[in-house]
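The block underneath contains the structure these notes are about, expressed in structure tokens.
Residue numbers (UniProt numbering): 1 to 282.
What follows is the structure, encoded as structure tokens:
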């Protein structure tokens, strides 16, 4: 299993973005996404900056993927994508317009913004050149549901973990989530308000579940430079260099968040549960 760090989420200054990628270059992160899947600005970078950073990271042994998303101004014309196709980098696409423009021109990573709800759709995306799919699932119940069909796809499966609260809320309407009670620091798990009275999340079980389901890449979405350290910790965990207890303790320290946060709702994950698709979760 590999560790990736996603494209910067939010509006960063150019200096903060460059400092972030300097830290990434020194880390053991396997895959780096440069660009944007949320905002039209490329993390304060110009196109030439993105390519320069990409070259440096590739020289250091990283796999680099360019993340792009169509916007009404910059990506209105098909010609505006020419520089992307010419750079020969794999591209993460998060909307259908960009997918249509780049299909067959570059290796594609299908971002979570592209609708994909079954194996038939995923197979069609693979036929268009997709080598990897980033699942849109944040809540653990949805992750189990998605991975049930994704395991049969002829592409890599990348699963976001430790997702930011505002993105998990947007992705699975966390305020009305039937899976409340899962630790917000689980792999995966909704990041939401919590109490300090519950036990630490079981990263050993979480990691085993993701591996068994066919996940080959875990993604961290960066909010600050500190998330580079979070990615480093997860890398050491999957390589067996640290145990889950030590990894979690270091994660808590690196993220600056209180340990063992959970919602105050009863934890439905103790024992056996059936998610909406009907499959049992153990």
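The beta-carbon is built from N, C-alpha and C at its ideal position, and this holds for glycine as well.
Since we're looking at a predicted model, the values are computed, not measured.
Quiz prompt | Test: residue 247 CB closer than 8 Å to a CB of chain C | solution = Here chain C cannot be found, since the structure has a single protein chain.
Quiz item: For residue 183, which three-state DSSP category applies?
Solution: Low local confidence applies: a pLDDT of 49 at residue 183 is under 50, so the model's placement there is unreliable, with the coordinate-based value given in what follows. In the structure shown, residue 183 sits in coil (DSSP, three-state: anything other than H, G, I, E or B).
Exercise. Compute the Euclidean distance between the alpha carbons of residue 221 and residue 110, then round it to the nearest angstrom.
Key: 16 Å
Practice problem: Check each candidate in 113, 144 and 160 and name the one with the smallest Cα separation from residue 31. | Solution: 160
Quiz item: Three or more C-beta pairs closer than 8 Å, one from the region 5-12 and one from the region 241-249: is that the case here?
Solution: These segments do not touch.
Quiz item: Do you know how far the Cα of residue 135 is from the Cα of residue 144?
Solution: 11 Å
Quiz item: For residue 159, does the three-state DSSP call read helix, strand or coil?
Solution: strand
Quiz item: Smallest Cα separation from residue 49: which of 226, 66, 60 and 233?
Solution: 66
Self-check item: residue 215 versus 155, 53, 230 and 229, residue with shortest Cα-Cα distance
Solution: 155
Exercise. Note the first and the last residue of the continuous alpha helix (DSSP H) segment covering residue 209.
Key: Residue 209: member of the alpha helix (DSSP H) spanning 203-212, first to last residue.
Quiz item: On the three-state DSSP scale, how would you describe residue 108?
Solution: DSSP, read as helix, strand or coil, puts residue 108 in strand.
Exercise. Put residue 170 into one of helix, strand or coil per three-state DSSP.
Key: Reliability of the predicted coordinates at residue 170 is poor, the pLDDT of 44 falling under 50, and no value is obtained from them.
Self-check item: Identity of the residue in 56, 64 and 1 nearest residue 7 by Cα
Solution: When each option's Cα is compared against that of residue 7, the closest is 64.
Quiz item: Once you ignore the five residues that flank residue 235 on each side, which residues in its own chain have a CB closer than 6 Å to its CB?
Solution: The residues are 3 and 28.
Practice problem: Note down the Cα distance separating residue 19 from residue 227, rounded to an integer number of angstroms. | Solution: 13 Å
Practice problem: Starting from residue 238, follow the alpha helix (DSSP H) in both directions and report where the run begins and ends. | Solution: According to the DSSP assignment, residue 238 belongs to the alpha helix (DSSP H) that extends over 226-238.
Quiz item: Just the Cα atoms here: how many angstroms apart are residue 204 and residue 142?
Solution: Rounded to the nearest angstrom, the two C-alpha atoms are 20 Å apart.
Quiz item: Hey, out of 223, 211, 16 and 69, whose CA is closest to residue 101's CA?
Solution: 69
Exercise. Let me know if residue 59 comes out buried or exposed under the rule of 16 or more other beta-carbons within 10 Å of its beta-carbon.
Key: Using a 10 angstroms sphere on the CB of residue 59, the tally of other CB atoms stays under 16, which defines it as exposed.
Practice problem: Have a look at residue 132 and residue 245 and give me their C-alpha separation to the nearest angstrom. | Solution: Separation of residue 132 and residue 245 (C-alpha to C-alpha, rounded to the nearest whole angstrom) is 30 Å.
Exercise. Take residue 238 as the anchor and find which of 254, 225, 253 and 210 has the nearest alpha-carbon.
Key: 210
Exercise. Flag this pair as yes or no: are the beta carbons of residue 137 and residue 126 separated by less than 8 Å?
Key: no
Self-check item: Classification of residue 26 by the beta-carbon crowding that lies within 10 angstroms, buried from 16 upward
Solution: The residue in question, residue 26, is exposed, as its Cβ has fewer than 16 Cβ neighbours within 10 Å.
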